[in-house]
Each structure stands twice: as C-alpha cells, then as structure tokens.
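Chemist: Here it is, the structure in full.
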Amino acid sequence: MAMDVGPLFENVGDLPERTASPIAAGLKGSAILDIAGEVRGLIGAGVPVANFTIGDFDSKMFPVPEVLVERTEAHLKAGQTHYPPAIGVAELRTAIRTFYRDRLGLDYPEGTVQVGSGARPPIFSAFASILAPGDQVVYPVPSWNVGYYVYLNEAEGVPLVTRPENGFMPTLEDLLPHLKTARVLLLNSPLNPCGTVMDPALLKPVCEAIVEENARREAAGERPLILIYDQVYWQIVFEGYTHQTPVHMVPEMAKYTILVDAISKAWAGTGIRVGWAVAPPWIRDRMKALIGHMGAWAARAEQMATADLLAEPELVDPFMDGFKVELSDRLCALRDGFRAMRDRGCPVDCLDAQGAIYLSARLDLVGRTIRGREIKTDDDIRSVLLHEANVAVVPFSAFGYPDGTGWVRFSVGSVSMDDVQAALQNIERLFD
C-alpha cells in the first residue's frame, strides 16, 4: 500500500520561508499567466471566449510544417536520441550561419552560434554571461519578460516608456541619458507585445551611439555596452515593412551585438524548443558553459530536423508564404475593424499590422462607465472586454507599461477569422 505523503506537507510552520532563497522568494509570477488562467476557467465553463491572449498557435489552425515533423521522426528513427553538444549539433550551427548569410546578408564565422531549448536559455545565458550584480539593463516598455531576467541576475533594470508614434520603440533621445551607465541594452523587433517593426531610421543612430560609447569605454578600460537584439519574429514581417539587424546597419556592431532567434514563431513550433543566439565568440564561449550546465539544449532530433530545413529553405518557404498571409489577414481585419469603429465615433484606435502575431489597440475607456462598470485601470478594460464582450486580451500594463493608457495586445495565433469578426462586433456593442 502506498504511503500518503500529502499530510506530511501540512502544519510545517515557517519551513517554506526558511527554505526559499532570497531570489526565489522575491520572484513574481507572470501577470499574463494569471490572465490566461481566468480565461481558461471561462472557456472550461462553456463561455464562448475569443482568446487573443495567447502568444502561441492553435495547432489546428497553424500546424508546424509537415516536413519538420517528417524530418524529426526520421532522425529519431535513425538513432539521434543521445546528448547533443552543449553548443548545439554542428549541422545546425552551420545551417544557421548559412541561413543568416543568405537571408540576412551576415556571414558569421564558426564559433559564434549557441543553440538552446528555445530562445529563453540563450537570453538568460547572455544576461548571466555579461552582467554582474548591480549592472544596469536598459530596455523599452512595453516588453516581454525582460524584467524577470534582470531580477534573476540581480541587475538594475532601467525601463524606458516608449510612445505609440514610434511604434513603442525607443529613440536615440530616449536612450542617450543611459548609455554611459548601461551594461546591456535589450531591443526586440518585431516587437512583442506590439507587433511593430523597428524603423531603420531609429535603429541606425542607436547603433552608431553604441559604437561611439564603446570606443570611449575601450580607451578608459571600461566594460563594454552590449546590445541583445531579440529578433525571434523577424521572418514574420508584412508588406511595407522591413527587418534590419544592428550589424547590417552599422557593421562595427558585430563586436557588441547578440542576436537571439528561434523556430518557435516563424514555424509555429513553440513546443519544439529550438532556439539560438549568434554572438561574438568570447561571449558565446561563456554562454556555452552556462547552457551546458543547465542542460538547456534543444533535443537532438529536433536540432537535426531544423538544420535540414534551414539548409534547404525551399522546403519550408511555401509554408511561410501561406502562414504569413493567414496571420496578416487576421491582423489586418482587426486593424480595419478598429479604424472603422474609430471613424464611427467609438473611443478606440490601433497601430498598423507590421509584423509578428500581435496588434496594438487602444480603448480610451478609463474614466468611463461601460455596462454599469466604472473603468479606472487597464485591467478594468481587460475585465469588461472579457466579461461583457467575451474577448480576452492582455493590457500593456502587464508588460510593464504605465497603467491607464488603454493600450492592449491582441494576439491572433489561436483565433479564426470568424473569431476576429465576432470580437469586433461584440466590442462595438459595448458603446451602444
């Protein structure tokens, strides 16, 4: 008969407090996951919610490329089931370098690629390889999860509030007061949560300023300023917009830039967990040790399959063409619907659909009463959308943005066009 261990965890006094490390005890959970839990509860109760909260894909609507599944299965059957190297299998590292050469115009040498289980281990290991406790990390808000990585590395976060007229991207003017004291600058384009692409006219002067600042630091014997450039969504950029890397804009940035990437979004493969960083060799070598000790490598068969598809991009290009059209159609339908509402006098607006799987929309509801609910915060807006319009979104305040602005994120990876149209109709009815 099995021992019932559950009662042994009761009446333990202050043991939980005495067990936790100070860092673990102070780490807060994700506000986005709390919102997702509330939405799942409503859906489980039979409420027909149009769920725009998920930065993921419904595999029925957006399955991964069939060839990725086929190649992964083939590599498993061929015995690719043992430990991969800590830096990633050679085939994948070579394929990434070749893919960047051919698609981004960047010819990186051997020794610059670090593979991980998705983009998160490379981001975390980049932070841990560069930062000492108390170092400053400058990052724009709204942003995805950067604050948690800053906290875990005992660094000092310097969040910069951005503006919609710049696509919620920082300008050189925003950054200049912090460049002399920052150790890391993190930028993300296309941007989660906003679905915007950094204008080259904003990116180039920032890169030039980083190079100039690092020349000053080198002369003074100071540690350099490193740019971590999260470009996980770079393959999902829509017509009229272009993706540029810092190294392409200012070649000298190669010494100071870590590019972060993954198949998670471009191939709808969030659960397959293959990501990487491309970094200066002296930083990559430190990242290798961290990821190796964490065991945060991607599974070997998935690495081999990803290598196949990056080496032969024509195998996955037809998938990407259709995938981008489906995403763009949903985002543009949302954009057009909000702008039509705005033109009819509703207190809403939105930015253009530029890239990724997100649309930034503003509902100017703070200070108003909707369906008997007094709206005081962005979370009140989220709640009234969820409970009165059956539309689930994430407010920008969950991404570190100041409360009360009315900006929210719509994510279209798990909704149909019918869901989009129904959501727009239900939102407009709130203003009847």
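Letter by letter, the sequence shown follows residues 46 to 477 of my numbering.
Glycine included, C-beta positions come from ideal geometry on N, C-alpha and C.
#1: Return the bridge partner residues of Y213 from the DSSP annotation.
#2: Across which residues does DSSP place E201 in a beta bridge pair?
#3: Classify F364 as helix, strand or coil using the three-state DSSP reduction.
#4: Starting from D275, follow the beta strand (DSSP E) in both directions and report where the run begins and ends.
#5: Looking only at C-alpha atoms, which of P61, L176, E347, V305 sits nearest to E118?
#6: With H, G and I counted as helix, E and B as strand and the rest as coil, what does DSSP make of V516?
#7: Can you tell which of A322, A307, A324, V323 has its C-alpha closest to the C-alpha of G316?
#8: Could you give the first and the last residue of the continuous alpha helix (DSSP H) run that contains R407?
#9: Could you pull the start and end residues of the alpha helix (DSSP H) that V256 belongs to?
#10: Taking buried to mean at least 16 other C-beta atoms within 10 Å of its own C-beta, is V457 buried or exposed?
#11: Is it true that the stretch 374–390 meets the stretch 189–207, where meeting means three or more beta-carbon pairs spaced less than 8 Å apart?
#12: Tell me which same chain residues have a C-beta within less than 8 Å of the C-beta of P108, skipping the five on either side of it?
#13: Can you name the start and end residues of the beta strand (DSSP E) that V393 belongs to?
#14: Have a look at P187 and L396 and give me their C-alpha separation to the nearest angstrom.
#15: Name, in chain order, the residues that DSSP records as bridge partners for Q159.
#16: Determine the closest residue to L236 out of G100, R331, G367, with distance taken between C-alpha atoms.
#17: Under the three-state reduction of DSSP, which class applies to R228: helix, strand or coil?
#18: Which stretch, first to last residue, makes up the beta strand (DSSP E) that contains A313?
#19: Find the nearest neighbour of F476 within the set W327, A76, T414, P166, judged by alpha-carbon distance.
#20: Please state the DSSP three-state secondary structure of N471.
#21: For V229, count neighbouring Cβ atoms within 10 angstroms of its own Cβ and tell me buried if that reaches 16, exposed if not.
#22: Is the CB-CB distance between P129 and A341 below 8 Å?
#23: Please state whether the Cβ-Cβ distance between V251 and L304 is less than 8 Å.
#24: Would you check if the stretch 78–98 and the stretch 424–443 touch, i.e. whether three or more CB-CB distances between them fall below 8 Å?
#25: Less than 8 Å between the C-beta atoms of A254 and L224, yes or no?
#26: Quick check: the Cα distance between L404 and R454, rounded to an integer number of angstroms?
#27: If you count every other CB in all the chains shown that lies within 10 Å of the CB of H127, and 16 or more means buried, which is it?
#28: Which residues mark the beginning and the end of the alpha helix (DSSP H) in which D147 is found?
#29: Bridge partners for I303 per DSSP, in chain order?
#30: How would you write the range of the alpha helix (DSSP H) that R165 sits in, first residue to last?
#31: Looking at the structure shown, is V282 part of a helix, part of a strand, or coil, going by DSSP?
#32: If we ignore side chains and look at the alpha-carbon of each, how far apart do V158 and A468 end up?
#33: Just to confirm the assignment, what range does the beta strand (DSSP E) spanning S75 have?
#34: For F441 and D448, what's the separation of their Cα atoms in angstroms?
#35: Taking its Cβ as the centre, do 16 or more other Cβ atoms sit within 10 Å of L78, making it buried, or is it exposed?
#36: Leaving aside the five residues before and after A350 along the sequence, list all residues of the same chain whose C-beta is less than 7 Å from its C-beta, in chain order.
Modeler: Let me lay it out:
#1: It should be noted that the sequence gives Phe, not Tyr, for residue 213. F213 pairs with nothing; no bridge assigned.
#2: Q181
#3: helix
#4: Taken as a continuous stretch (DSSP letters only), the beta strand (DSSP E) holding D275 covers 271–275.
#5: E347
#6: The displayed coordinates of the chain run from 46 to 477. Any statement about residue 516 would go beyond what the structure contains.
#7: For the residues A322, A307, A324, V323, the minimum Cα distance to G316 belongs to A307.
#8: Unbroken run through R407 is the beta strand (DSSP E), 403–408; no alpha helix (DSSP H).
#9: 245–265
#10: Result: buried.
#11: no
#12: A313
#13: 393–395
#14: The alpha-carbon atoms of P187 and L396 are separated by roughly 14 Å.
#15: According to DSSP, Q159 bridges with A322.
#16: G100
#17: strand
#18: Note, A313: premise wrong, no beta strand (DSSP E); not H, not E.
#19: T414
#20: helix
#21: buried
#22: no
#23: no
#24: Counting Cβ pairs under 8 Å, three or more are found: they touch.
#25: yes
#26: 6 Å
#27: exposed
#28: 135–149
#29: I273
#30: Residues 165–175.
#31: strand
#32: In a straight line, the C-alpha of V158 is about 42 Å away from that of A468.
#33: S75 -> no beta strand (DSSP E), and no H or E assigned at all.
#34: 8 Å
#35: exposed
#36: L113, R116, T117, H120
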